[in-house]
């Protein structure tokens, strides 16, 4: 039961990470973020990225805050695995 929950949480975090990466790649294509799919992804990803953008200023034209946000998601996967290892 707990193992299934751990796997489900890890998969949700992984899918959200992929969604963030898709959103980042959409910035490379003109008008991709203005499409219906782009707006849907933005509604899911922007609330998570906003705090990182407030803390980490852009370096010229490059915004590294999404990279940090994805790393935090990766570390959260490690944290979830550690917490579930304590329970078992």
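Residue numbers (this note's numbering): 332 to 419.
All residues carry an ideal CB built from backbone N, CA and C; glycine is no exception.
Remember, it's a predicted structure, so these values are computed and weren't measured experimentally.
Quick one: using the 10 Å Cβ neighbour count with 16 as the cut-off for buried, is residue i buried or exposed?
| i | result |
| --- | --- |
| residue 376 | buried |
| residue 339 | exposed |
| residue 390 | exposed |
| residue 414 | exposed |
| residue 400 | buried |
Comparing alpha-carbon positions, which option in the options lies nearest residue i?
| i | options | result |
| --- | --- | --- |
| residue 351 | 334, 416, 388, 405 | 405 |
| residue 378 | 397, 366, 360, 412 | 397 |
| residue 345 | 418, 417, 403, 369 | 403 |
| residue 371 | 399, 395, 333, 354 | 354 |
| residue 342 | 408, 418, 419 | 408 |
Identify the residues that DSSP records as bridge partners of residue i: which are they?
| i | result |
| --- | --- |
| residue 390 | 393 |
What does the alpha-carbon distance come out to for the pair residue i and residue j?
| i | j | result |
| --- | --- | --- |
| residue 388 | residue 381 | 11 Å |
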